[in-house]
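Residue numbers (the numbering used here), protein chains in the order written: chain B, 6 to 226; chain X, 6 to 226.
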């Protein structure tokens, strides 16, 4: 049994990633970030998913209010009904977000003697984010090996990306097979009470459920 | 003229690094972190040094209270009068600190259209930290290129480490030559009103001033 830090946003992908790590038999610590995202509702979902599995859940506050992204702060609007998802980098891109979160997870790994970090990044329906590609994770793994006490002492930290190459439909099917609590997850980028159904994240989720042949239990506007 | 983010801890090395970037003619934005360090006094110094140069100064709060390090929180003691500085990794090591700070600086670079990040890391009198070595910075530069929008669009972000290979005495001499406000800087790891003179950081500083042939204007216990 390994000890693992699992990044848990509260979205569908990270919930399935946690389900995968639980299924592998790891001792899991879920890690969420409050960084000023519009959709704080996903943090409630993260708490619910962690609670479902009874794993320790850490939320780290980090103030990214100086960052330029339509996901952060109150101003601006998230793009809706966007065509060509995945073709270019959308304005919901949060600069260096995965690098920041993974770096903090690395520090926690060293502090808690964990051996692996799991992240539910996805390069297929990846919505155009550069920090969701395998070459980024490979390079970061090398950086971690060179820049940490764990790496210097021959105990490199592993980054696990179990759903990197899956389509959204495959992720949903895996989640269903592992009995992941998909009904507790939250994907919408908007700040509303119900999912908007029109942002990139909602559109990818809805298409995924349709392609997988399951019904999405989350309610939409 | 380039726009640059300069990591400014309030210590001597980062102040000389800012002086260097000012001397190069860059448009500088100083970046500090409040992460629960015992020696919050260094943040006052960071403010004073940024004020001396009249540059924009951003302090980002990040809660690392779950991290294991003698530099964080109220409990524990920083080791004093340690022999063999640089031989092994000391308990003041903050896991992945430079990776975390540089990742956040990368996000700010992208948000503010800056081209470079300057960090006053030092591999000579480096006190044993693995994230102060050139191979770490080289690897991280590759990771940044692969994981950012700037990198994907062919505008890679540069990490500048102007004092990486200098001895403490050489850093102090450079600071004196550039008229850096060394009297405003703070190096001590302890949380006291005056510098303790016995932690790794004080010992390296005192030896540096002695070797450089200058008097340290900071007062010691």
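Glycine is no exception: its CB is placed at the ideal position from the N, C-alpha and C atoms.
Bear in mind that the values here come from a model prediction, so they are computed numbers and not experimental data.
Here the alpha carbons of residue 124 of chain X and residue 190 of chain X stand approximately 16 Å from one another. Residue 224 of chain X sits exposed, since fewer than 16 C-beta atoms from the chains shown fall within 10 Å of its C-beta. Assignment of alpha helix (DSSP H) within the segment 23 to 83 of chain X, counting only whole runs of 4 or more residues, yields 46 to 58 in chain order.
Taking 8 Å as the cut-off, the beta carbon of residue 163 of chain B is found closer than this to the beta carbon of residue 120 of chain B. C-alpha of residue 192 of chain X to C-alpha of residue 155 of chain B: approximately 26 Å in a straight line.
Listed by position along chain B, the residues whose Cβ is nearer than 8 Å to that of residue 156 of chain X are 135. Shortest Cα-Cα distance from residue 173 of chain B to any of B:45, B:126, B:57 involves B:126. Interface annotation for the segment 34 to 55 of chain X against chain B: empty, criterion Cβ-Cβ distance under 8 Å. Linking residue 167 of chain X to residue 220 of chain B through their CA atoms gives a straight-line distance of about 57 Å.
In this structure, residue 135 of chain B places its C-beta atom within 8 Å of the C-beta atom of residue 152 of chain X. A straight-line Cα-Cα distance of about 12 Å links residue 113 of chain B and residue 68 of chain X.
Secondary structure at residue 210 of chain X: helix, using DSSP grouped into helix, strand and coil. Distance between residue 7 of chain B and residue 20 of chain B, taken at the CA atoms: about 19 Å. For residue 105 of chain B, DSSP assigns no beta-bridge partner whatsoever. Identification of chain X residues near residue 115 of chain B by a Cβ-Cβ cut-off of 7 Å yields 100, 101, ordered along the chain. Of all residues in the segment 176 to 195 of chain B, none places a beta-carbon less than 9 Å from a beta-carbon of chain X.
By the Cβ test, the segment 58 to 68 of chain X is in contact with the segment 27 to 40 of chain X, since at least three Cβ pairs between them sit closer than 8 Å.
Neighbours of residue 214 of chain B in chain X, taken as residues at a C-beta separation under 7 Å, are lacking, since the least C-beta distance is about 29 Å.
DSSP, reduced to helix, strand and coil, places residue 126 of chain X outside both helices and strands of the structure shown, so it counts as coil. Straight through space, the alpha carbons of residue 111 of chain B and residue 159 of chain B are spaced by roughly 15 Å.
Excluding sequence positions up to five before and after residue 139 of chain X, its CB lies within less than 7 Å of the CB of 128, 169, all in the same chain and listed in chain order.
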